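S.K.: This is the structure, below, for whatever I ask next.
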Amino acid sequence: MSELVQAEKRSLSLTLPFETSPTQSDVDPQKVLRKLDWHLLPFLSLLYLLAYLDRTNVGNAKIAGLTTDIGLTGLQFNLCSAMFFVTYCAFEVPSNVALKLLRPSRWIPSIMFCWGIIMVSMAFVKDFVGLLIVRLFLGAAESGLLPGLAFYICLWYPRVAQAQRLAIFVSACTASGAFGGLLAYGIEKMSGTGGLAGWSWIFLLEGLITIVVAVGGWWYMDDYPESASFLSVRERDWLVQALKEDTASSSKAIRYEYLMQALKNPYSYLLASIEFFIMIPLFAFALFLPTIIVGLGYSSLHAQLLTVPPNICGCLATILFGIGSDRLGVRGPFVLAGSLLSLVGYTILLATTTPTIGYIGTIIAACGLVPSSACLLAWTGGNAGGDMKRGAMLAMLTGLGDLGAIASSFIYRPQDSPRYRPGHATNIACSSMIAILSIIAMFAFARANKQKHTRCIQEGLSADNAEDYRELGDNSPLYRCDTVCLKG
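Every letter in the sequence shown is one number past the one before it in numbering that gives the first Met the number 0, and letter 382, counting from 1, is 381.
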């Protein structure tokens, strides 16, 4: 394993455009990075925070009286939760292709505006069928955001700087859990105001916030580095050149064969398999954390507040994992480490009958789930050569991986309360699979890159031949993955 880590660090060290670009010497690379960070990351994080809040607030609404008021019985709540991911998975790849064909500053805020309207309509559902239909539409509308934002970040940052930036915006999902718990605690007290139940106000107010932010996004977002309004002309020219050198053997053209390359790439499915097993415990955690905490013996009102610390800890862990991944120059080991933390957390939840110890288990699990997902996004984006293929692979990762989210809706069943042992056992099994598959992926990438390096030596290929192999994307013998790859 240590050899794989060292190989990965050597590979990443080969492409540091923000440190070694030969263009304008008077441009400060770190200043450019800071400008990108301050302009892009806060807004992108806000978008993902609201997306995650809007897809998971049904869990807060559940313990605020939703299931009782609209007469949900048995597994009907679980089914409504799962329906979101049916359309979510189905529309992710088409949505990311549309993002590439259209302008990000128009596409991303537009889908956000749509799901804000849908979220508002959820406040007025009256029965199981109504909630089911609205959740289907919500999944379709939100499907393009996560792969779209991951692709967007890959357009603005070099591969070596992507993990911590992806981690920062992905950490917003745990921040949404903390924020959503606090918000639900306050909004639930509005029950009866305007003739609406507390859970209706949760959907209504959070949907309106989403709409307002979406409208702002239409004028705030920049499409590409070439048109970045917040950079000077020299900084913009330097950034474009640096990014070009970072993907020297990759094409930016929009062609059908690049989409097919992604669909035929076995690594797409290997990484998506890891995402599948991440999504089962991750979305189960987001949806059922309030329910799990109630099962530990806490009241429903206190459970809303007690969702805050695990999510804050998960948020901080995600950022730290991303920073560590970029600084150490590795991806796979951080996915592995996150899976082991998740494994420990759910083992504690399964084994203990003490509420306090069980609650500590939720915190440990949170510190492993989201960091794994964030590092996997960087792993995938760095292993896809060319914009079209990168967008398709990221959409496949989230689209196929999020099939696990459908399963996650059914692992915490009403008949298993209050301890929910089958659900915890399922998440232990998933965490184990993440660990196994991430190790397999590290060895697979190491082997592939060693073969490429051998070919380059045998055929005398160098960076001077990059243009000849550009159309092959990451299949080019000159392309080196930014994760666990051997370079001699």
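Don't be surprised by glycine CBs; every beta carbon is placed ideally from N, CA and C.
None of the values given here were measured: they were computed from a predicted structure.
For P146, which three-state DSSP category applies?
M.R.: Note: P146 maps to helix in three-state DSSP.
S.K.: Is L295 helix, strand or coil when you go by DSSP?
M.R.: Residue state, collapsed to three classes: coil.
S.K.: How many angstroms separate the CA atom of V239 from the CA atom of L165?
M.R.: If you take the alpha carbons of V239 and L165, they lie about 20 Å apart.
S.K.: Is the segment 309 to 329 touching the segment 405 to 424, taking contact as three or more C-beta pairs under 8 Å?
M.R.: Because the criterion of three Cβ pairs below 8 Å is not met, the segment 309 to 329 and the segment 405 to 424 do not touch.
S.K.: My understanding is that F409 touches N77, with C-beta atoms under 8 Å, so please give their C-beta distance in whole angstroms.
M.R.: That belief holds up - the Cβ atoms of F409 and N77 are roughly 5 Å apart, short of 8 Å.
S.K.: Flag this pair as yes or no: are the beta carbons of I277 and L195 separated by less than 9 Å?
M.R.: No, they are not a contact pair.
S.K.: Rounded to a whole number of angstroms, what is the C-alpha to C-alpha distance between T397 and Y151?
M.R.: Between T397 and Y151, the C-alpha separation is close to 15 Å.
S.K.: Could you give the distance in angstroms between the alpha-carbon of W37 and the alpha-carbon of Q163?
M.R.: The straight-line gap from Cα to Cα measures roughly 14 Å.
S.K.: By alpha-carbon positions, which one of Y266, I363, F333, I356 ends up nearest to L340?
M.R.: Minimum Cα distance to L340 is reached at I363.
S.K.: Terminal residues of the continuous alpha helix (DSSP H) containing V124?
M.R.: Where V124 is concerned, there is no enclosing alpha helix (DSSP H), given that its DSSP letter is neither H nor E.
S.K.: In the DSSP assignment, the alpha helix (DSSP H) including G357 goes from what residue to what residue?
M.R.: Its alpha helix (DSSP H) spans residues 354 to 381.
S.K.: How far does the alpha helix (DSSP H) with Q161 in it reach, from first residue to last?
M.R.: Start and end: 161 to 169.
S.K.: Looking at W106: is its Cβ nearer than 9 Å to the Cβ of T209?
M.R.: Result no, Cβ atoms of W106 and T209 do not sit closer than 9 Å.
S.K.: Report all residues from its chain with a CB closer than 6 Å to the CB of L335; omit the five preceding and five following residues, and keep chain order.
M.R.: Closer than 6 Å at Cβ, skipping near neighbours: A434, S437.
S.K.: How long is the line joining the alpha carbons of S20 and L52, rounded to whole angstroms?
M.R.: A caution first: S20 carries a pLDDT of 46, below 50, which makes its placement in the model unreliable, though a value can still be read off. Distance between the alpha carbons of S20 and L52 is about 40 Å.
S.K.: If you drop the 5 nearest sequence neighbours on each side, which residues of the same chain put their C-beta closer than 6 Å to that of L288?
M.R.: Same-chain partners within the cutoff: T306.
S.K.: By a C-beta neighbour count over all protein chains shown, 10 Å radius and 16 as the cutoff for buried, is D26 buried or exposed?
M.R.: One detail in the question is off: residue 26 reads as Val in this sequence, not Asp. Counting Cβ neighbours within 10 Å, V26 comes out buried, since at least 16 surround it.
S.K.: If I follow the unbroken alpha helix (DSSP H) through F333, where does it start and stop?
M.R.: Here the alpha helix (DSSP H) through F333 covers 331 to 350.
S.K.: Since S190 contacts S142 with CB under 8 Å, what's their CB separation in whole angstroms?
M.R.: Not confirmed; about 32 Å, so no contact.
S.K.: Report the rounded CA-to-CA distance for A139 versus R102, giving the unit in angstroms.
M.R.: Their Cα atoms are separated by approximately 19 Å.
S.K.: Cβ of L391 within 9 Å of Cβ of V31?
M.R.: Just to set this straight, residue 391 is Ala in the shown sequence, not Leu. No, Cβ-Cβ distance for A391 and V31 is not below 9 Å.
S.K.: Going by beta carbon distance, what residues of the same chain come within less than 8 Å of L144, once the five residues before and after it are set aside?
M.R.: Result list for L144: L46, Y47, A50, I107, I110, M111, in chain order.
S.K.: Within its chain, find whatever has a CB closer than 6 Å to the CB of L98; leave out the 5 residues flanking it on each side and keep chain order.
M.R.: W106, G147.
S.K.: Look at the alpha carbon of I62 and the alpha carbon of S80, and state the distance between them as a whole number of angstroms.
M.R.: Their Cα atoms are separated by approximately 14 Å.
S.K.: Within the continuous alpha helix (DSSP H) that includes F42, where are the two ends?
M.R.: 28 to 60 is the extent of the alpha helix (DSSP H) around F42.
S.K.: Should C211 be labelled buried (16 or more other beta-carbon atoms within 10 Å of its own) or exposed?
M.R.: Before going on, a small fix: residue 211 reads as Val here, not Cys. V211 should be labelled exposed.
S.K.: Out of curiosity, what's the CA-to-CA distance linking T55 and L137?
M.R.: Going from the Cα of T55 to the Cα of L137 covers about 11 Å.
S.K.: Quick one: what does DSSP say A177 is sitting in, helix, strand or coil?
M.R.: DSSP places A177 in helix when its eight states are reduced to three.
S.K.: Kindly indicate which residue of W378, A440, A447, I356 has the alpha-carbon position closest to the one of R418.
M.R.: Closest by alpha carbon: I356.
S.K.: Counting along the chain, where does the alpha helix (DSSP H) carrying E86 start and finish?
M.R.: What sits at residue 86 in the sequence shown is Thr, not Glu. Residues 75 to 100.
S.K.: Taking 8 Å as the limit between beta carbons, can you name the residues of its chain near L269, skipping five residues before and five after?
M.R.: Excluding sequence neighbours, L269 sits near L436, I439, A440, A443.
S.K.: Indicate the three-state DSSP secondary structure (helix, strand or coil) for T192 in the structure shown.
M.R.: Note: T192 maps to helix in three-state DSSP.
S.K.: Tell me the DSSP secondary structure of N264 in three-state form.
M.R.: The answer is coil: DSSP assigns N264 none of H, G, I, E or B.
S.K.: Just the C-alpha distance for S10 and A261, rounded to the nearest angstrom, thanks.
M.R.: Any reading at S10 is ruled out, since the residue's pLDDT is 43, under 50, leaving its predicted position unreliable.
S.K.: Assign R418 to one of three DSSP states: helix, strand, or coil.
M.R.: It is coil, neither helix nor strand.
S.K.: Contact check, L295 vs P354 under 8 Å by CB: the rounded distance?
M.R.: With a Cβ gap of about 4 Å, L295 and P354 count as contacting.
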